[in-house]
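Counting in my numbering, the sequence shown runs from 1482 upward without gaps.
Cβ coordinates follow ideal geometry from the N, Cα and C atoms, glycine included.
Working notes, beginning with the structure itself.
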Amino acid sequence: MNKAVTWLATMAFCVATAAPALAAEDSIKIGVQGAHSGDLASYGVPSLNAVKIVVDKANAKGGVLGRKIEVISQDDQCKPEMATNAATKLISDKAVAVVGPICSGPTKASLPLFQQAGIIAISRHFFVRRPATIGGKGGLVHETSATAPGETAAA
């Protein structure tokens, strides 16, 4: 439950950051990109379901900033060639933040698109040896894992 609260607080921050873009919208759209079908769906479906649970709980309490949250999911099957289409669809659907992608190839393909569109992305699986935040201080892309396999967190 602590992770759910942390996630919701992070999403609330993301929404507050994107508040100017929300002025004409009825709901706050949060994208979830990942493997929702195919061989690696066992990784992506639980992530999507977790986001839906947290969003349902937040909406039951009135949403964020008085607006309901809407989940928009896009399946990339952990394939980079599908990830750019999924990211482009989330951007065109006006997601203000994205959870995912969850695999390294799709992450590498999607993050530049999200950054160019000014959409905050929180990804579990970063490509190795990249900083935890792209774009420097105030960057739009954030990693949820502090270390890569075999590495230790910097002091």
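{"Asked": "Can you name the residues that DSSP bridges to glycine 1515?", "Found": "Asp1556"}
{"Asked": "Does the Cβ-Cβ distance between glycine 1515 and glycine 1599 come in under 7 Å?", "Found": "no"}
{"Asked": "Considering valine 1532, what are the terminal residues of the alpha helix (DSSP H) in which it resides?", "Found": "1522-1541"}
{"Asked": "Span of the beta strand (DSSP E) holding isoleucine 1583?", "Found": "First-last for isoleucine 1583: undefined, no H or E at that position."}
{"Asked": "Can you tell me where the alpha helix (DSSP H) with alanine 1567 in it begins and where it stops?", "Found": "1561-1573"}
{"Asked": "Excluding sequence positions up to five away, which residues of its chain have a Cβ less than 6 Å from the Cβ of proline 1561?", "Found": "Gly1586, Pro1587 and Ala1590"}
{"Asked": "Which partner residues of lysine 1510 appear in the DSSP bridge assignment?", "Found": "Glu1551"}
{"Asked": "Using the Cα positions of lysine 1510 and isoleucine 1553, report the straight-line distance between them to the nearest angstrom.", "Found": "7 Å"}
{"Asked": "Please report how far the alpha carbon of glycine 1519 lies from the alpha carbon of lysine 1538, in whole angstroms.", "Found": "29 Å"}
{"Asked": "Count the other C-beta atoms from every protein chain shown that fall within 10 angstroms of the C-beta of aspartate 1556, then say buried if there are 16 or more, exposed otherwise.", "Found": "buried"}
{"Asked": "Less than 6 Å between C-beta atoms, sequence neighbours within five positions excluded: which residues of the same chain meet that for lysine 1533?", "Found": "Val1552"}
{"Asked": "Near leucine 1503, what residues of its chain come up, given a Cβ to Cβ distance below 8 Å and the 5 sequence neighbours on each side ignored?", "Found": "The predicted model places leucine 1503 with a pLDDT of 48, which falls under 50 and marks its position as unreliable, so this point remains unresolved."}
{"Asked": "How big is the Cα-Cα spacing for threonine 1569 and leucine 1594?", "Found": "7 Å"}
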